[in-house]
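Those sequence lines, one after another, are chains H and A.
Counting in the working numbering, the first sequence runs from 1 upward without gaps.
Counting in the working numbering, the second sequence runs from 117 upward without gaps.
Just so it is clear, CB atoms sit at the ideal spot from N, CA and C, and this is done for glycine as well.
Note that the structure is predicted; figures quoted are calculated from it, not measured.
For reference, the structure discussed in these notes is given below.
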Amino acid sequence: DQQVKQNSPSLSVQEGRISILNCDYTNSMFDYFLWYKKYPAEGPTFLISISSIKDKNEDGRFTVFLNKSAKHLSLHIVPSQPGDSAVYFCAAADPYSGGGADGLTFGKGTHLIIQP
Amino acid sequence: DVKVTQSSRYLVKRTGEKVFLECVQDMDHENMFWYRQDPGLGLRLIYFSYDVKMKEKGDIPEGYSVSREKKERFSLILESASTNQTSMYLCASSLGGRGLSTNYGYTFGSGTRLTVV
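This is the structure in C-alpha cells:
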C-alpha cells in the first residue's frame, strides 16, 4: 500500500514557466513533509520541507503548499530553469512510526524536464 | 561540510559473488539507511539501523544483509549477487530522536551504481 503517491512519473515545462509537482498521502499521522531533488548518478539532496502546522513554506524560487484536509502537497518552482531538470521525490514523516528510526516514506518520484 | 560517503561510485560484479557496499557518515547521526533506486519504482528501503549493532528490515531485505559495528559506518552485503540486484544503491543518515520533526531529513551519499553480470 503506497502511502505517498506521486502520480505523474514525468512532467515537461518550458523554461521560465511555473513547474508544479504534486504529491498525495494517505497516512493522517504524517506531520512533516520534505522534497528531495536528484540528478542522475548522484544522491538525492534536500530541497524544502513543511511542517503540518503550516500551509506554505517558501525558499527562493521554491514554494511548498500543504492542504491537510485533502492530504495533498505541491511543490512550485518559478521561474523554472534548465538546472531544475531532475527527479523530485516527495517524502513524509510519521514521528511515532514503529521501528525506532524516524523513517521517511518516499513517493516514486517525478522526472521534471525543463525545455528551453 | 558534512558528508555521507559511499566507497564506490561504480561497481561491476559477477553473479554469485559476495558484494560489500560501504557507507560512512561524519555527522554523528544515530540512524543510517540503505535504499535502492530503480526506474519507475522510486526509492525502496532495504535495511536501516538506529544504533550500533542494531538493524531492522525495510521493505525489500531479501538477498541482503547489513552490518553496523561502529556508529559512523553502515555496510550493505549482497550474500550472492544476482542480476536482479543491478541497481543504484543509496546510503543515507539522519540525526534520530523520535517525535522531533526537526530531526527529520536525510543526508544521502552519492550512490553506488552496481551492475551484476
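May I ask you to list the residues that DSSP assigns as paired with residue i?
i	result
Ser209 (chain A)	A:Met148 and A:Thr223
Gln14 (chain H)	H:Gln115
Val78 (chain H)	Answer by DSSP bridge pairing: none, since Val78 (chain H) is not bridged.
Leu194 (chain A)	A:Val135 and A:Tyr180
Lys129 (chain A)	A:Val232
Ser49 (chain H)	H:Leu34
Ser165 (chain A)	A:Met148
Tyr88 (chain H)	H:Lys37 and H:Thr110
Asn67 (chain H)	H:His72
Glu172 (chain A)	A:Phe164
Lys186 (chain A)	A:Arg189
Using the rule of at least 16 other Cβ atoms within 10 Å of the residue's Cβ for burial, across every protein chain shown, is residue i buried or exposed?
i	result
Leu216 (chain A)	Any reading at Leu216 (chain A) needs caution, since the residue's pLDDT is 49, under 50, leaving its predicted position unreliable; the model's value is listed next. Exposed is the call here.
Val135 (chain A)	buried
Ala41 (chain H)	exposed
Ser209 (chain A)	buried
Glu146 (chain A)	buried
Tyr180 (chain A)	buried
Arg152 (chain A)	buried
Val13 (chain H)	buried
Glu58 (chain H)	exposed
Gly83 (chain H)	exposed
Gln141 (chain A)	buried
Leu67 (chain A)	Since the first and last residues shown for chain A are 117 and 233, residue 67 (chain A) lies out of range.
Pro155 (chain A)	exposed
Arg184 (chain A)	buried
Thr231 (chain A)	exposed
Gln115 (chain H)	exposed
Lys169 (chain A)	exposed
Ser203 (chain A)	buried
Gln122 (chain A)	buried
Gln81 (chain H)	exposed
Lys186 (chain A)	exposed
Helix, strand or coil for residue i per DSSP?
i	result
Asn57 (chain H)	strand
Gln6 (chain H)	coil
Asn22 (chain H)	strand
Asp154 (chain A)	strand
Asn200 (chain A)	helix
Which residues in chain H have a C-beta closer than 8 Å to the C-beta of residue i? List them in chain order.
i	result
Ser227 (chain A)	Reading the sequence as shown, one finds Gly at residue 227 (chain A) and not Ser. The contacting residues are Ala41, Glu42 and Gly43.
Leu206 (chain A)	Gly43 and Pro44
Could you work out which residues of chain H lie near residue i, taking near to mean beta carbons separated by less than 7 Å?
i	result
Tyr222 (chain A)	Leu104
Leu159 (chain A)	Phe89 and Phe106
Can you pull the chain A neighbours of residue i, defined as C-beta to C-beta under 8 Å?
i	result
Pro9 (chain H)	Gly156
Gly109 (chain H)	Gly158 and Leu159
Can you name the residues of chain A whose CB is closer than 7 Å to the CB of residue i?
i	result
Ser85 (chain H)	None at all; the shortest Cβ gap to chain A is about 16 Å.
Ser49 (chain H)	Gly221
Problem set entry | Residues in the region 23–34 of chain H having any Cβ partner in chain A nearer than 7 Å | For the region 23–34 of chain H, the set of positions with a beta-carbon nearer than 7 Å to some beta-carbon of chain A reads Asp31, Tyr32 and Leu34 in chain order.
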